[in-house]
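A.B. asks:
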Amino acid sequence: MPLRIDVITIFPDYFAPLQLSLMGKAQQSGLVTIAIHDLREFTSDRHRSVDDTPYGGGAGMVMTPEPWGQAIDAVVTDQSTLIVPTPAGKLFSQPVAAELAHSTHLIFACGRYEGIDQRVVEYYRPRIDVRELSIGDYVLAGGDVATLAMIEASVRLVPGVLGNPESLVEESHQLPGVEYPSYTKPPTWRGLDVPEVLLSGHHDQIARWRAEQSTIRTTHNRPDLLPGS
Ligand SMILES: COc1cccc(COC(=O)c2cn[nH]c2)c1
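First residue of the sequence shown: 1326, per the numbering used here; consecutive thereafter.
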């Protein structure tokens, strides 16, 4: 059953990159189908407006619910998962990407401005799986870039998309923490040598060195990922 993805956005052009490279091949392979929808196609006023001033005051504008209701209703089924990228969401992660990769239908609602009227989430929550997801603790101008990141992270985990599932095995068996550093030819570059152990052919020593490097790197860059932290 191919994974179907519908993206609703006021900037459809943001998603041109999904036709390239791995994402493009995934679509050609029939494993994934991705459709982009312009939210303004679902407005009914002459100005095709999608936002208005916030109740309760405050800076900026909020996206009005009706165009979203029309757009989501046009693609939703009882198998759909609605994903709303937002800084206020639960943190997206590799395990979440793996979950999404095994979904039937994902609808991404790319909000702009200060966000989408919360009643859109409230309306669909009793009907389908709705997930407000954050890709990190910073604020983007809209959900489009976050959606691209989540689609790329999820689609590469769809069985058959990655030519070489081997890299997924390494990824999944990786110790808690970050990846060890990687090297390739030439053996010396601008006076810098590749660590000897990697040229030795001693696979157990190499594995030990890589585990050690991962721990050193995790301690320095991501102590929060260390076991027991
Ligand atoms: C839907 O409501 C809003 C409000 C403000 C910005 C955005 C765009 O998403 C992000 O900025 C984001 C997502 N993960 N990390 C940052 C959406």
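Backbone N, C-alpha and C fix where the C-beta goes; we use that ideal spot for every residue, glycine too.
So residue 1541 is in the alpha helix (DSSP H); what residue range does that whole segment cover?
C.D. replies: Position 216 of the sequence shown, counted from the start, is the residue given in the question as residue 1541. Run containing residue 1541: 1528-1546, per the alpha helix (DSSP H) assignment.
A.B. asks: Can you grab the Cα-Cα spacing for the pair residue 1418 / residue 1460, in whole Å?
C.D. replies: In the sequence shown, the residue the question calls residue 1418 occupies position 93. In the sequence shown, the residue the question calls residue 1460 occupies position 135. Each residue's Cα considered, the two are about 8 Å apart.
A.B. asks: Please determine if the stretch 1351-1370 and the stretch 1385-1404 are in contact, where contact requires at least 3 C-beta pairs separated by less than 8 Å.
C.D. replies: yes
A.B. asks: Taking the alpha carbon of residue 1475 as the point to measure from, which residue in 1544, 1392, 1431 and 1545 has its own alpha carbon closest?
C.D. replies: Your numbering for residue 1475 matches position 150 in the sequence shown. Comparing Cα-Cα distances from residue 1475 to each of 1544, 1392, 1431 and 1545, the minimum goes to 1431.
A.B. asks: Which partner residues of residue 1334 appear in the DSSP bridge assignment?
C.D. replies: Stepping through the sequence shown from its first residue, residue 1334 is reached at position 9. In the DSSP output, where bridge partners are listed per residue, residue 1334 has 1363.
A.B. asks: According to DSSP, simplified to helix, strand and coil, what is residue 1329?
C.D. replies: The residue you call residue 1329 lines up with position 4 of the sequence shown. Residue 1329 falls in the strand class under three-state DSSP.
A.B. asks: Could you give the DSSP three-state label for residue 1478: helix, strand or coil?
C.D. replies: Taking the sequence shown and counting its residues from 1, one reaches residue 1478 at position 153. If DSSP states are grouped into helix, strand and coil, residue 1478 belongs with the helices.
A.B. asks: The beta strand (DSSP E) that contains residue 1555, what's its start and end?
C.D. replies: Nothing in the structure corresponds to residue 1555, since the chain is present only between 1326 and 1554.
A.B. asks: Quick test of your reading: residue 1348 and residue 1477, contact by CB under 8 Å. State the CB separation rounded to the nearest angstrom.
C.D. replies: Taking the first residue of the sequence shown as position 1, residue 1348 is located at position 23. Taking the first residue of the sequence shown as position 1, residue 1477 is located at position 152. Residue 1348 to residue 1477, Cβ: 6 Å. Contact.
A.B. asks: With DSSP run on the structure shown, which of helix, strand or coil describes residue 1614?
C.D. replies: The displayed coordinates of the chain run from 1326 to 1554. Any statement about residue 1614 would go beyond what the structure contains.
A.B. asks: So, are the CB atoms of residue 1485 and residue 1547 less than 9 Å apart?
C.D. replies: One-based indexing of the sequence shown puts residue 1485 at position 160. One-based indexing of the sequence shown puts residue 1547 at position 222. Cβ atoms of residue 1485 and residue 1547: not closer than 9 Å.
A.B. asks: Excluding the 5 residues preceding and the 5 following residue 1513 in the sequence, name in chain order all residues of the same chain whose CB lies nearer than 8 Å to its CB.
C.D. replies: To locate residue 1513, count along the sequence shown from 1; it is residue 188. Correct list, in chain order: 1519.
A.B. asks: Would you please verify whether the beta carbon of residue 1435 is less than 9 Å from any beta carbon of chain D?
C.D. replies: This model lacks chain D altogether; it includes just one protein chain.
A.B. asks: Do you know how far the Cα of residue 1456 is from the Cα of residue 1468?
C.D. replies: Within the sequence shown, numbered from 1, the residue matching residue 1468 stands at position 143. Within the sequence shown, numbered from 1, the residue matching residue 1456 stands at position 131. Using only the alpha carbons, I get a separation of about 13 Å.
A.B. asks: Nearest by alpha-carbon distance to residue 1463: which of 1362, 1427, 1425 and 1416 is it?
C.D. replies: As a working mapping, residue 1463 is identified with position 138 in the sequence shown. Considering only 1362, 1427, 1425 and 1416, the residue with the shortest C-alpha distance to residue 1463 is 1416.
A.B. asks: Return yes when at least one heavy atom of ligand 1 lies under 8 Å from the C-beta of residue 1436, else no.
C.D. replies: For this step, residue 1436 is matched to residue 111 along the sequence shown. Answer for residue 1436: yes, Cβ within range of ligand 1.
A.B. asks: When you compare the CB positions of residue 1357 and residue 1480, do they come within less than 9 Å of one another, or not?
C.D. replies: Against the sequence shown, residue 1357 aligns to sequence position 32. Against the sequence shown, residue 1480 aligns to sequence position 155. The answer is yes: Cβ separation under 9 Å.
A.B. asks: Could you check how far apart the C-beta atoms of residue 1388 and residue 1400 are, in whole angstroms? I think they sit under 8 Å.
C.D. replies: Here residue 1388 is taken as the residue at index 63 of the sequence shown, counted from 1. Here residue 1400 is taken as the residue at index 75 of the sequence shown, counted from 1. Approximately 17 Å separates the beta-carbon atoms of residue 1388 and residue 1400; this is outside 8 Å, ruling out the contact.
A.B. asks: Distance check for residue 1437 and residue 1336, CA to CA, integer angstroms please.
C.D. replies: The residue labelled residue 1336 in the question sits at position 11 within the sequence shown. The residue labelled residue 1437 in the question sits at position 112 within the sequence shown. The alpha-carbon atoms of residue 1336 and residue 1437 are separated by roughly 10 Å.
A.B. asks: Thinking C-alpha only, which one of 1533, 1523 and 1505 is nearest residue 1544?
C.D. replies: Looking up residue 1544 in the sequence shown gives position 219. That would be 1505, whose Cα lies nearest to the Cα of residue 1544.
A.B. asks: Just to check, is the beta-carbon of residue 1471 closer than 8 Å to a non-hydrogen atom of ligand 1?
C.D. replies: To locate residue 1471, count along the sequence shown from 1; it is residue 146. Correct: residue 1471 has its Cβ closer than 8 Å to ligand 1.
A.B. asks: State the Cα-Cα distance for the pair residue 1411 and residue 1539, rounded to the nearest angstrom.
C.D. replies: The residue given as residue 1411 occupies position 86 in the sequence shown. The residue given as residue 1539 occupies position 214 in the sequence shown. Going from the Cα of residue 1411 to the Cα of residue 1539 covers about 31 Å.
A.B. asks: Once DSSP output is grouped into helix, strand and coil, what is the label at residue 1462?
C.D. replies: Within the sequence shown, numbered from 1, the residue matching residue 1462 stands at position 137. Correct three-state label for residue 1462: coil.
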